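See below for the structure under consideration.
Protein chains: 2
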Amino acid sequence: MWQHLLGNFPVGRSTEFLSSRSVGLVVLAALGSFNAADAQRLAPVQAADPLPSWNDDANKRIILGYVGRVTNATGKDFVAVADRIAVFDNDGTLWCERPISVEFAFAFAGVDKYVALHPELRDRQPYKAVIERDTLVLATAGPQAIGEVMAVTHSRMTTTQFDSSVSAWLVSARHPRFDRRYTELVYQPMLELLGYLRANGFRTFVVSGGGADFMRVWAARSYAIAPDQIIGTTGRLSFELRDGKALLRKLATVDLVEDGPGKPVGIHQYIGQQPILAFGNSDGDLQMLQFTEDGHEDGGARHPRMMLLLHHDDAVREYAYDRGSWIGRLDKALDEGRRRGWTIVSMKTDWKTVFKNP
Amino acid sequence: MWQHLLGNFPVGRSTEFLSSRSVGLVVLAALGSFNAADAQRLAPVQAADPLPSWNDDANKRIILGYVGRVTNATGKDFVAVADRIAVFDNDGTLWCERPISVEFAFAFAGVDKYVALHPELRDRQPYKAVIERDTLVLATAGPQAIGEVMAVTHSRMTTTQFDSSVSAWLVSARHPRFDRRYTELVYQPMLELLGYLRANGFRTFVVSGGGADFMRVWAARSYAIAPDQIIGTTGRLSFELRDGKALLRKLATVDLVEDGPGKPVGIHQYIGQQPILAFGNSDGDLQMLQFTEDGHEDGGARHPRMMLLLHHDDAVREYAYDRGSWIGRLDKALDEGRRRGWTIVSMKTDWKTVFKNP
Chain Z
0 MWQHLLGNFP VGRSTEFLSS RSVGLVVLAA LGSFNAADAQ RLAPVQAADP
50 LPSWNDDANK RIILGYVGRV TNATGKDFVA VADRIAVFDN DGTLWCERPI
100 SVEFAFAFAG VDKYVALHPE LRDRQPYKAV IERDTLVLAT AGPQAIGEVM
150 AVTHSRMTTT QFDSSVSAWL VSARHPRFDR RYTELVYQPM LELLGYLRAN
200 GFRTFVVSGG GADFMRVWAA RSYAIAPDQI IGTTGRLSFE LRDGKALLRK
250 LATVDLVEDG PGKPVGIHQY IGQQPILAFG NSDGDLQMLQ FTEDGHEDGG
300 ARHPRMMLLL HHDDAVREYA YDRGSWIGRL DKALDEGRRR GWTIVSMKTD
350 WKTVFKNP
Chain H
0 MWQHLLGNFP VGRSTEFLSS RSVGLVVLAA LGSFNAADAQ RLAPVQAADP
50 LPSWNDDANK RIILGYVGRV TNATGKDFVA VADRIAVFDN DGTLWCERPI
100 SVEFAFAFAG VDKYVALHPE LRDRQPYKAV IERDTLVLAT AGPQAIGEVM
150 AVTHSRMTTT QFDSSVSAWL VSARHPRFDR RYTELVYQPM LELLGYLRAN
200 GFRTFVVSGG GADFMRVWAA RSYAIAPDQI IGTTGRLSFE LRDGKALLRK
250 LATVDLVEDG PGKPVGIHQY IGQQPILAFG NSDGDLQMLQ FTEDGHEDGG
300 ARHPRMMLLL HHDDAVREYA YDRGSWIGRL DKALDEGRRR GWTIVSMKTD
350 WKTVFKNP
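If you read the sequences in order, they're chains Z and H. Counting from 0, one number per residue, gives the positions in the first sequence under numbering that gives the first Met the number 0. Counting from 0, one number per residue, gives the positions in the second sequence under numbering that gives the first Met the number 0.
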């Protein structure tokens with residue numbers, strides 16, 4: 000939208016979050032300025048196999064082909080680095096969301112503790128359903144009830160206290176079936192894809208219905224994505240001075256639900272640019288993929304786009320679910336994806352491995 | 000907040016927005032991975048004089064000294080690149096906000112046209128005050144009236160239409176006193192400071208009460224800052240399918256007013272990290288500076304912080320205003336800044352030049 004203004008723009012220099020080692024050493028990816036010739040020479044980064052956990056089949060070739068085309072500076076499909084924006088759903092796209100999403104697991108564990116302190120809530124909904132892990136009741140209880148559940152763990156505390164609470168839980172909690180930490184249940188093929196895209200000049204954003212505050216605690220490390228590139232559902236905050244010191248307190252009111260039509264809205268508000276690649280796995284990602292395909296730049300340039308859906312069809316290594324599921328329902332988006340020719344990735348046939356390599 | 004999780008984090012690679020030339024050539028700053036030794040060697044970037052438009056006085060030495068300390072990998076004040084977050088107000092800090100803010104000038108021009116088409120509004124407030132440029136009436140009319148004025152130019156259109164409208168206006172509009180385009184009234188010393196910080200591993204964010212959509216049209220070029228690092232006031236959007244194509248429409252409802260206490264809130268929502276440097280010029284920046292000074296990391300690390308206020312005391316080259324002004328009032332923040340020992344930059348004595356060099 001603003002690229003046409005870049006006319007005689009002086010070459011700037013900028014840095015990007017990467018990572019820091021625990022001892023405070025620095026890993027710095029962006030120093031020095033490159034010129035256009037450098038960029039042209041370097042742009043199509045091609046490791047021997049940048050996606051080793053993907054089977055060598057049609058879908059892998061589609062992905063490699065797309066990235067090759069948009070980074071080929073002499074081709075008609077070339078996309079400038081500034082426009083290489085990729086957006087990824089999180090739950091069910093970058094990590095396991097079954098049997099319940101990890102953030103629900105965190106919230107439910109918090110409700111267990113809370114009800115132990117307030118036994119009068121034991122027989123009241125939605126607390127009763129949470130304690131009994133009765134997802135059928137919860138699925139039909141509506142957003143108000145879910146909000147009440149989430150508020151127990153997600154509000155009435157400072158942002159710093161919330162971060163500590165999530166960190167502490169993640170260290171001890173284990174997935175009920177795989178008996179691994181949740182952060183070990185990120186998908187290896189997706190980590191490779193994220194890294195491959197970044198190596199080819201893409202900026203990779205997470206755009207998730209999950210809470211931004213919840214994700215930022217662990218996703219920066221898990222995905223090598225800076226907090227400001229992790230977009231999620233946000234709650235209202237109050238700015239307060241306590242003993243003359245500034246702090247932020249989390250309130251129970253939800254601001255933006257970053258799901259369904261909220262995804263393109265969040266993309267506009269947070270990124271302010273048109274994505275050219277979007278990857279989701281459920282109906283909550285439908286509008287993000289539609290927007291990625293249809294949105295257009297002001298200047299009239301129409302870059303080639305790539306829309307992908309992960310289909311969970313692997314009950315042996317992970318889970319098999321789509322149209323009938325409450326969590327991660329893939330129904331309308333599957334039909335729309337097939338109709339529009341989006342790339343439907345099969346966990347079972349396209350992926351050599353599922354979870355992060357140890 | 001998440002740095003303590005970075006333990007054995009594999010070295011990632013990432014790129015950052017820089018710029019693209021109009022002919023589609025690419026300037027790419029971030030390719031390849033550096034190791035810690037590289038970073039240590041490269042970190043304290045010191046040009047002969049990185050701030051040539053700043054007079055060689057105490058304030059310049061304070062700025063250079065601070066950046067030198069936080070980038071000195073062997074010193075006690077060292078801050079990892081991932082934590083070098085700087086936030087800047089826009090109006091009155093990065094460019095001229097007098098006699099009225101540029102976004103008001105845009106909105107007022109739009110109201111002029113609108114009222115010409117709807118003459119029945121000519122004698123109704125707040126339209127009458129706008130047409131007569133009666134800022135006294137507007138200043139006392141309250142946020143509801145201001146919202147009504149802004150809605151004329153800022154809503155009932157798609158995001159793409161809005162971008163075009165701002166671009167077209169910026170090309171033709173001229174500042175009433177300086178007779179230059181508004182984008183030529185960005186401050187040269189601030190452009191140098193932004194570039195100097197980025198050359199030293201900082202990520203520079205704009206955090207402004209101005210509209211995010213308004214700023215992103217021109218600020219990416221003017222400041223070499225990517226749209227996702229430009230945070231401002233946002234309005235509600237509706238996602239729509241028109242003829243089966245996805246688009247976003249701007250609604251008249253304001254979501255987050257990125258001013259006063261809204262600034263630390265926006266910093267948390269959009270950046271998700273604690274800034275270590277903040278630069279403002281008015282009472283609307285007070286909470287951002289308080290939050291920058293007081294906020295603390297989870298892990299207990301307390302990085303040195305730098306808070307700055309630009310004092311407009313130069314009626315000859317720009318404007319002189321502080322406590323008595325409606326636009327850009329600097330009153331409480333000036334007192335608080337003096338009390339807390341923030342750096343008060345004088346336009347008159349600290350800056351060799353004011354506006355962007357041609």
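Even for Gly, the Cβ is constructed at its ideal location relative to N, Cα and C. Owing to the predicted nature of the structure, the values given are computational and were not obtained by experimental measurement.
**Prompt:** Taking the alpha carbon of G259(H) as the point to measure from, which residue in G327(H), V315(H), A223(H), W217(H) has its own alpha carbon closest?
**Reply:** G327(H)
D56(Z) at chain H interface by Cβ criterion, 8 angstroms: no
| task | For N356(Z), collect the residues of the same chain with a Cβ closer than 7 angstroms to its Cβ; drop the 5 residues on either side in sequence, then sort them by chain order. | result | Q187
- prompt: Skipping 5 residues on each side, what residues in its chain have a beta carbon closer than 6 angstroms to that of L412(Z)?
  reply: What the structure shows of chain Z is the stretch from 0 to 357, and residue 412(Z) is not part of that stretch, so it cannot be assessed.
Under 8 angstroms, Cβ to Cβ, is there at least one residue of chain Z near R339(H)? no
Against chain Z, with Cβ distances strictly below 8 angstroms, would Y320(H) count as a contact? no
I need the boundaries of the alpha helix (DSSP H) containing F354(H), first residue and last residue. Run containing F354(H): none; DSSP gives neither H nor E here.
**Q.** CB contact flag (G208(Z), E257(Z), <8 angstroms)
**A.** yes
Give a yes or no on whether the C-beta atoms belonging to W53(H) and L184(H) are separated by under 8 angstroms.
-> no
Give the secondary structure of A251(H) by DSSP, where H, G and I count as helix, E and B as strand, and everything else as coil.
-> strand
Margin query: To the nearest angstrom, how far is the alpha carbon of A115(H) from that of R121(H)?
Written below: 8 angstroms
Residues of chain H with CB closer than 9 angstroms to the CB of F290(Z), please, in chain order. F238, A245, L246, L247
Exercise. Give every residue of the same chain whose Cβ lies closer than 7 angstroms to the Cβ of D312(H), excluding the five residues on either side of it in the sequence, and list them in chain order.
Key: A319, S345, M346, K347
Based on the DSSP secondary-structure assignment, which residues constitute the bridge partners of T159(Z)? According to DSSP, T159(Z) bridges with nothing at all.
Using DSSP with H/G/I as helix, E/B as strand and the rest coil, what is L360(Z)?
-> Residue 360(Z) lies beyond the residue range present for chain Z, which begins at 0 and ends at 357; the question has no answer from this structure.
Grab me the residues of I99(H)'s own chain with a C-beta within less than 7 angstroms of its C-beta, minus the 5 sequence neighbours each way, in chain order. T134, I326
Please report the straight-line C-alpha distance between L63(Z) and D55(Z), rounded to a whole angstrom. 11 angstroms
(Q) Give me the chain Z residues within the contact set of G209(H), using Cβ-Cβ distance strictly less than 7 angstroms, ordered along the chain. (A) Correct list: empty, because the minimum Cβ distance to chain Z is about 13 angstroms.
| said: Please report the distance separating the alpha-carbon of I229(Z) from that of Q124(H). | reply: 42 angstroms
In terms of DSSP beta bridges, what is E191(H) paired with?
BP columns for E191(H) are empty, so no partner.
query = What did DSSP end up calling W217(Z) once you bin it into helix, strand or coil?
reply = helix
* Under 7 angstroms Cβ-Cβ, which residues of chain H neighbour T134(Z)? -> Those within 7 angstroms of T134(Z) in chain H number zero; the least Cβ separation is about 28 angstroms.
### Query
Taking Cβ positions only, does D282(H) come closer than 8 angstroms to chain Z?
no
Residues bridged to T233(H) by DSSP?
L255(H)
* Reducing DSSP to helix, strand and coil, say where H311(Z) ends up. => strand
Notebook entry, point to check: Which whole-angstrom value is the C-beta distance of P226(H) and G271(Z), which I expect to be below 8 angstroms?
Noted result: 3 angstroms
field: Other residues of its chain near G283(H): CB distance less than 7 angstroms, five sequence neighbours each side excluded
entry: G208, D258, G259
Item to complete: May I ask which residues mark the beginning and end of the beta strand (DSSP E) holding I84(H)?
Response: 84-87
ask   = Taking 8 angstroms as the CB-CB limit, is Q286(H) close to chain Z?
value = yes
| task | Could you have a look at W53(H) and say whether DSSP puts it in helix, strand or coil? | result | strand
Leaving aside the five residues before and after H153(H) along the sequence, list all residues of the same chain whose C-beta is less than 8 angstroms from its C-beta, in chain order. A106, F161, G210, D212, F213, G234, K249, A251
Notebook entry, point to check: Counting only beta-carbon atoms, is T233(H) nearer than 8 angstroms to chain Z?
Noted result: yes
Any idea if D88(Z) is buried or exposed, counting beta-carbon neighbours within 10 angstroms, 16 or more meaning buried? buried
Determine whether the Cβ of G67(H) lies closer than 8 angstroms to any Cβ atom of chain Z.
no
query: Of the choices F238(H), A72(H), L285(H), Y65(H), whose alpha-carbon is the least far from that of G265(Z)?
result: F238(H)
| Other residues of its chain near T182(Z): CB distance less than 7 angstroms, five sequence neighbours each side excluded | L169, W217, S221
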